[in-house]
Each structure stands twice: as structure tokens, then as C-alpha cells.
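Peer 1:
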Amino acid sequence: MHQLTLAEIARALAAKQFSAEELSRALLGRIHQLDPQLNSFITVTEDLALEQARAADARRAAGESGALLGAPIAHKDLFCTQGVLTSCASKILTGFKAPYDATVVEKLAAAGAVSLGKLNMDEFAMGSANESSHYGPVKNPWDTSRVPGGSSGGSAAAVAARLIPAATGTDTGGSIRQPAALTNLTGLKPTYGRVSRWGMIAYASSLDQGGPIARTAEDCALLLGAMAGFDPKDSTCVDQPVDDYLAALTQPLAGLRIGLPKEYFGDGLDSRIAERVLAVVEELKKLGATVKDISLPNMRHAIPAYYVIAPAEASSNLSRFDGVRFGYRCESPVNLEDLYKRSRGEGFGAEVKRRIMVGTYALSAGYYDAYYLKAQKIRRLIKNDFVAAFSEVDLILGPTTPNPAWKLGEKANDPVAAYLEDIYTITANLAGIPGLSMPAGFVDGLPVGVQLLAPYFQEGRLLNVAHQYQQVSDWHTRAPEGF
Numbered sequence: 193m194h195q196l197t198l199a200e201i202a203r204a205l206a207a208k209q210f211s212a213e214e215l216s217r218a219l220l221g222r223i224h225q226l227d228p229q230l231n232s233f234i235t236v237t238e239d240l241a242l243e244q245a246r247a248a249d250a251r252r253a254a255g256e257s258g259a260l261l262g263a264p265i266a267h268k269d270l271f272c273t274q275g276v277l278t279s280c281a282s283k284i285l286t287g288f289k290a291p292y293d294a295t296v297v298e299k300l301a302a303a304g305a306v307s308l309g310k311l312n313m314d315e316f317a318m319g320s321a322n323e324s325s326h327y328g329p330v331k332n333p334w335d336t337s338r339v340p341g342g343s344s345g346g347s348a349a350a351v352a353a354r355l356i357p358a359a360t361g362t363d364t365g366g367s368i369r370q371p372a373a374l375t376n377l378t379g380l381k382p383t384y385g386r387v388s389r390w391g392m393i394a395y396a397s398s399l400d401q402g403g404p405i406a407r408t409a410e411d412c413a414l415l416l417g418a419m420a421g422f423d424p425k426d427s428t429c430v431d432q433p434v435d436d437y438l439a440a441l442t443q444p445l446a447g448l449r450i451g452l453p454k455e456y457f458g459d460g461l462d463s464r465i466a467e468r469v470l471a472v473v474e475e476l477k478k479l480g481a482t483v484k485d486i487s488l489p490n491m492r493h494a495i496p497a498y499y500v501i502a503p504a505e506a507s508s509n510l511s512r513f514d515g516v517r518f519g520y521r522c523e524s525p526v527n528l529e530d531l532y533k534r535s536r537g538e539g540f541g542a543e544v545k546r547r548i549m550v551g552t553y554a555l556s557a558g559y560y561d562a563y564y565l566k567a568q569k570i571r572r573l574i575k576n577d578f579v580a581a582f583s584e585v586d587l588i589l590g591p592t593t594p595n596p597a598w599k600l601g602e603k604a605n606d607p608v609a610a611y612l613e614d615i616y617t618i619t620a621n622l623a624g625i626p627g628l629s630m631p632a633g634f635v636d637g638l639p640v641g642v643q644l645l646a647p648y649f650q651e652g653r654l655l656n657v658a659h660q661y662q663q664v665s666d667w668h669t670r671a672p673e674g675f
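FYI, the numbering for the sequence shown is 193 to 675, going by our numbering.
1. Return the Cβ separation of Ala212 and Leu205 in integer angstroms, given the expectation that the two are a contact with Cβ distance under 8 Å.
2. Measure the beta-carbon distance from Asp293 to Ala301 and round it to whole angstroms, keeping in mind my assumption that it falls under 8 Å.
3. According to DSSP, is Lys454 helix, strand or coil?
4. Determine the direct distance from the alpha carbon of Tyr611 to that of Ala494, and round the result to whole angstroms.
5. CB-CB under 8 Å to Glu505, same chain, minus the five flanking residues each way: which ones, in chain order?
6. Using the Cα positions of Thr190 and Ala259, report the straight-line distance between them to the nearest angstrom.
7. In whole angstroms, what is the alpha-carbon distance linking Val585 and Met491?
8. Do you know how far the Cα of Pro357 is from the Cα of Ala623?
9. Return the first residue and the last residue of the beta strand (DSSP E) that Phe233 is part of.
10. Determine whether the beta carbon atoms of Gly590 and Asp363 lie at a separation below 9 Å.
11. Below 8 Å on the Cβ atoms is my guess for Arg547 versus Pro503; work out the distance and round it to an integer in Å.
12. Would you mind reading off the limits of the beta strand (DSSP E) that contains His326?
13. Terminal residues of the continuous alpha helix (DSSP H) containing Ala202?
14. Whole-angstrom Cβ separation of Gly361 and Gly403, contact assumed at under 8 Å?
15. Look at the Cβ atom of Gly346, then the Cβ atom of Ala372, and state whether they are nearer than 9 Å.
16. Return yes when the Cβ of Asn312 is within less than 9 Å of the Cβ of Ser232, no when it is not.
17. Measuring only the C-alpha atoms, how far is Ala359 from Ser282?
18. Just to confirm the assignment, what range does the beta strand (DSSP E) spanning Ala266 have?
19. When DSSP labels each residue in this structure, what does Val664 get in the three-state scheme?
20. I believe Ala671 touches Arg449 by the beta-carbon criterion, under 8 Å. Please report the beta-carbon distance rounded to the nearest angstrom.
21. Go ahead and pull the three-state DSSP assignment for Asp435.
22. Which whole-angstrom value is the C-beta distance of Asp577 and Leu488, which I expect to be below 8 Å?
23. Would you kindly check if the distance between the Cβ of Ser388 and the Cβ of Asp426 is under 9 Å?
24. Pairs of beta-carbons, one from the segment 657-675 and one from the segment 468-484, closer than 8 Å: are there three or more?
25. What three-state label does DSSP hand Phe316 in the structure shown?
26. Exposed or buried, Met549, counting other C-beta atoms within 10 Å across all chains shown (16 or more means buried)?
27. Assign Gly391 to one of two classes, buried (16 or more other C-beta atoms within 10 Å of its C-beta) or exposed (fewer than that).
28. Assuming the contact rule is C-beta atoms closer than 8 Å, Tyr327 and Leu655 should be a hit. Round their C-beta distance to whole Å, please.
29. Where does Ser337 sit, in a helix, a strand or coil, going by DSSP?
30. Can you name, in chain order, every residue of its own chain whose Cβ lies under 6 Å from the Cβ of Asn595, other than the five neighbours on each side?
31. Please list, in chain order, all residues of the same chain as Thr592 whose beta carbon is under 7 Å from its beta carbon, the five residues on each side excluded.
32. Any idea what DSSP makes of Thr552, helix, strand or coil?
33. If you compare alpha carbons, which of Asp530, Ile501, Ser524 is closest to Asp514?
34. Note the first and the last residue of the continuous beta strand (DSSP E) segment covering Pro404.
35. Provide the residue span of the alpha helix (DSSP H) that contains Leu219, from first to last.
36. Since Thr360 is in the beta strand (DSSP E), which residue starts that stretch and which ends it?
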């Protein structure tokens, strides 16, 4: 059962080949047996999962149907889940059990999805390797000496190892797409505002977006259809009808115009990944697509702009974690200032502290115009580059990451080297456009991905292209040995 995709599970449940409870018990057994090798889960919610599974079986017995009814998933541990530890993989949220469900959690539960637990991540979603978690690093099931990518590394590792068929993730600068690429999965970052952020603990509010991680584009379409939609509780959520993503999958690619940015294929890209990307392009051409060289001239400014804007927003968002109302509190504070300083100093990890300090500096008097304002101007230029490109092409294609997964600890003492692994993904967040990574093959036995970018709210087009490619390739079907 663990080898089935979400779509296959839906068909099997409808055909009564097994029950949701039987499936959940089988996967919970795999989690207990195999996850100690990976550390992908922070919390396994066995009792909740079995309760939800029985409820799903009862709904099916009463005549209800639905693709996600009884389907097992798990949530990245920054989605608030009522009565369940919600930690953001940080010591500072020790013991915090959310008093409500995030909108994403609520929507998927209403669709009948069964949540098996909460998944490990980089602390407060800050990282590209899932090594900054208070609960320890997550390991890549393709090679447990390597990182799975971040910050949604727990989500990616658990799905790649067939512990669950799909998971939720969040993407602030590539944190769905990058781990999807490094673990041979399909991961989608929707348009900013397509999925509600209410109850999703914020890192950088103008960049964060929730989305699905699964093995296939079809499974991502199933999840996104349930996750997306207007939410009056989120002022940044866009009031626009949700497309029929499943119907979009089968559209032919004849006439599709694909842009290849010259900036994606310069120095820094592993030449073997470039070969895999171009091989995907050739397959898409066979399916009827045409290809055009384009330019995104301001891409070179993306990393510095992002690492001013995101830390600035993090500095503001994380000021609420002070040891007063919830989470970790230092021992025996002598006064309020001591409580603040020691609770935050002891509760936050090194990477979170680094970004808070950078962000506070960028927002401080005398530096706001020089750094934050300038970064926002660059952000507008990057957006304009995409607007211009999409006047010529329907889709932009390139590598998801410049390198395959690296060794655990390899970049631990060089944060800038880790930041550069997001060079191709960050621009989509700065511009707010949707992006998808899909499996493109292997380099030295390690998975690599191709990234697709589309205009605002054209997630259906991304899923369509990925699905059509997955009909003529089998990379996405391959599983890591031992899992």
C-alpha cells in the first residue's frame, strides 16, 4: 500500500480494496519502523489519525466520495493544528499546542484527509538543508549522509521514503521546490495569495506560501484543489475561483512556448544538471512545445535582495516569541528585560538569530533606505523581468537547484554557500508567481529537478506540463533503496 500515489489510493478506497484505517495503520507502522533513520517527523499523531481514518470510512460507507477522503498525509510543523504540538522545529515553542487549526489543515480535514503527524523542518523555515531544526537534522532517504533540502525537508524525506504519499510544505524562497528536487518529488509553490496563510506561523509574510509535495503532478493537483481558495481570515488571500486542476492535466502541449533564461545556465550550475534539464526540454518539444531563449537580467540581484527582505520581515514576525505568553521561558528571570533576553537567547537557534540580527539592522534608523528600500526596488525590477518574459513565452524552464544534495554539515559553517543553493527558486517568491519542481533524473545516483515558472494563478498550466512529462518519463516512479 505504501507504494501507491494519492490518486491510486483514492481509486483503491473507492473500490474497497482496503479501508482508510487499514492504510493508516500500515503507514504508521512504516513510520515507527523507518523514520528513526530519517528524523522526518517531530510528532506522530497516531490516535488522531486512526480517529480521522474511521470517520473517513464511515463517510464512505454512508455513500460519500472524494479523492482525499481517507487519504493519509502529514503537515509541516508550522501549520497550527488544534491540540497538537506546533513547534516550527524551535526550542522557543517547546510545549506549544495550537488552540486552533490553520486554514490549510482545516480544509484538508474537511476533505477527509487523515493527518499522521507533524513534519520536521528548518527552524522557523529558515534554511536550505533542514539542519537547523531543534529536533536534529532530517536525512535524505536517497543517501542518509546527505541533506534532503529545506526548509520543508521533513515533508520531502517522508514522502520520498514512502512513509506518506503526500505532505504540506511552505515555500519562502524555494522551500518546497528545492527539497522536492533533492528527493525526486514534485513540489508546487502556488501564486502568492492562492493558499491561505492563516494559522501558518510566519517567517516572511510577503514571501511565504503553502503548497503540496507529492510524487506526481496529479497528486499535487488533488492536494492544491483542496488547499486553495479565498479565506477572509487572511488579508493577503486572493478572492479568485479555484481552477479545476485535475481537468487541466490532460491538455495537450501543442503550441506551448517555453522560455530558457540564459542566466540559469551560467557559472555555478553543475553541467550534469544542465544536461538533464535540456533532456527534459527535448521531451517537451516532442510533445509539441517550442523553445525560446530569454533573459531575466535582474536575477543576479535576487539573493542579496531576498536576504534583506526576508530577514527584515522575520525580525518583525519573531518579536512575538518573548517567553511571556507561550512556549519556552528561561529559568528564574530577575526582571522583564532578563526574561526577554534569556528566553529568546536560549530559545532561538543560530540561524534564526543570524537572520533576526540582519533584519533588525536593515530596518534600523539610517539603514532602512540603504538596504530595505533598495531591496524592495530590486524586487520590483525582478517582477518586471517576469512580466516582460511572459509577454513572449507561456512558461519558463530551468534547473531547480545548481547542485545535487550535499553532505550533512558540509555547508554548516558557510551560510552564504547554503543561501546560493536557492539562486533559481528565490525569484518566484520575490515576484509572487507560481513555481513547480519535478523529477528530471539523477546525477551520481542523486535526484535532480527541473523548475517550471508560470504567470500569476496559472498553477494549472504548471501541473499540466509536469503531468504530460510524467506520462513519457519514469523518474518520478523511482524510490530510494531500502524504502
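The C-beta atom is built at its ideal place from N, Cα and C for all residues, glycine as well.
Peer 2: The answer reads as follows:
1. 6 Å
2. 7 Å
3. helix
4. When rounded, the distance between both Cα atoms is 11 Å.
5. For Glu505, where only same-chain residues beyond five positions count, the Cβ hits under 8 Å are Ala394, Tyr395, Ala396, Ser397, Ser398, Leu399, Gly551.
6. The structure shown has nothing for residue 190, since the chain only spans 193 to 675.
7. 18 Å
8. Approximately 30 Å, taken between the alpha carbons.
9. 233-236
10. no
11. 4 Å
12. Here His326 belongs to no beta strand (DSSP E), and DSSP marks it neither H nor E.
13. 198-206
14. 6 Å
15. In this structure, Ala372 does not lie closer than 9 Å to Gly346 by Cβ.
16. yes
17. Here the alpha carbon of Ala359 sits roughly 20 Å from the alpha carbon of Ser282.
18. 264-268
19. coil
20. Not quite, the Cβ-Cβ distance comes to about 34 Å (not below 8 Å), so this is no contact.
21. coil
22. With 8 Å as the limit, Asp577 and Leu488 qualify as a contact, their Cβ atoms being about 5 Å apart.
23. yes
24. Taking a cut-off of 8 Å on C-beta distances, the segment 657-675 touches the segment 468-484, as three or more cross pairs fall below it.
25. It is helical.
26. The residue in question, Met549, is exposed, as its Cβ has fewer than 16 Cβ neighbours within 10 Å.
27. So Gly391 ends up on the buried side.
28. Rounded, the Cβ-Cβ distance is 32 Å, inconsistent with contact.
29. In this structure, DSSP gives Ser337 a state outside helix and strand, which the three-state scheme calls coil.
30. In its chain, beyond the 5 residues on either side, Asp462 have a beta carbon closer than 6 Å to the beta carbon of Asn595.
31. Arg369, Gln370, Ala373, Tyr616, Thr617, Ser629, Gly641, Val642, Gln643
32. helix
33. When only C-alpha atoms are compared, the closest one is Asp530.
34. 402-406
35. DSSP places Leu219 inside the alpha helix (DSSP H), whose first and last residues are 212-226.
36. It spans 358-362 - the beta strand (DSSP E) in which Thr360 sits, taken as one unbroken run.
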